[in-house]
Amino acid sequence: CRLPECDCVWTDWIDVSYPDSSDRNSGDYETLENIQKNNSSWVCAKVENISCRAEKFPDIPIADLGQIVECNVNTGLICNNKDQQIGGIIPMPVCLNYEISVCCTPNRPECLPPDHTPSTTTATTSMVISSTISTTSTSVPTETSSGITSSTVPPSSTTTSSI
46 CRLPECDCVW
56 TDWIDVSYPD
66 SSDRNSGDYE
76 TLENIQKNNS
86 SWVCAKVENI
96 SCRAEKFPDI
106 PIADLGQIVE
116 CNVNTGLICN
126 NKDQQIGGII
136 PMPVCLNYEI
146 SVCCTPNRPE
156 CLPPDHTPST
166 TTATTSMVIS
176 STISTTSTSV
186 PTETSSGITS
196 STVPPSSTTT
206 SSI
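According to the numbering used here, the stretch in the sequence shown is residues 46 to 208, in order.
Structural data, given as structure tokens:
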């Protein structure tokens, strides 16, 4: 069961990066990290959904643009110029300028899962098993008609273990 006030809310279209067409190592990086760097007040507790589109071709699905583009809720949008081929919707092997809209879970305690922040320390479970074996031979004096002799009783062994 989910609270209605915890339904994700779509942002406006976000465009914080512009591809440099003269640099093969450039591209368009509408990543969640870049959005946060560009706007420190931007808060998205959890991206539940994402929509990506080319700014100049908003009605054409990105899959139909002929470009290699990554668009997902974990990173945002990444388009590298070096991955593009001549052809597609533009005659140059560079990324189009993209924009994204994300559906964010409100940053409210009742909307967020319990904190599962990874710890920097690792809990190690160690088990120490020690065992002690002791053998004891005992000489028991016995009285016979010819005098006192000594006989040996077989050794007894004890095993203890602690975990």
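Every residue, glycine too, gets a C-beta built ideally from N, C-alpha and C.
Q. Roughly how many whole angstroms lie between the Cα atoms of residue 219 and residue 141?
A. It is not possible to answer for residue 219, since the shown part of the chain is limited to 46 through 208.
Does the structure place the segment 48-64 close enough to the segment 147-161 that three or more beta carbon pairs sit under 8 Å?
At 8 Å Cβ cutoff, the stretches touch.
task: Can you have a look at residue 121 and say buried or exposed, based on whether 16 or more other CB atoms are within 10 angstroms of its CB?
output: Position 76 of the sequence shown, counted from the start, is the residue given in the question as residue 121. Flag for residue 121 reads buried.
Within a Cβ cutoff of 7 Å, which residues of the same chain sit near residue 88, ignoring the five residues on either side of it in sequence? For this step, residue 88 is matched to residue 43 along the sequence shown. Hits under 7 Å: 152.
**Asked** Based on the DSSP output, what are the partners of residue 96 in its beta bridges?
**Response** Your numbering for residue 96 matches position 51 in the sequence shown. Answer is 146, bridged to residue 96.
Limits of the unbroken alpha helix (DSSP H) element including residue 78
Taking the first residue of the sequence shown as position 1, residue 78 is located at position 33. Per DSSP, the continuous alpha helix (DSSP H) segment holding residue 78 begins and ends at 77-83.
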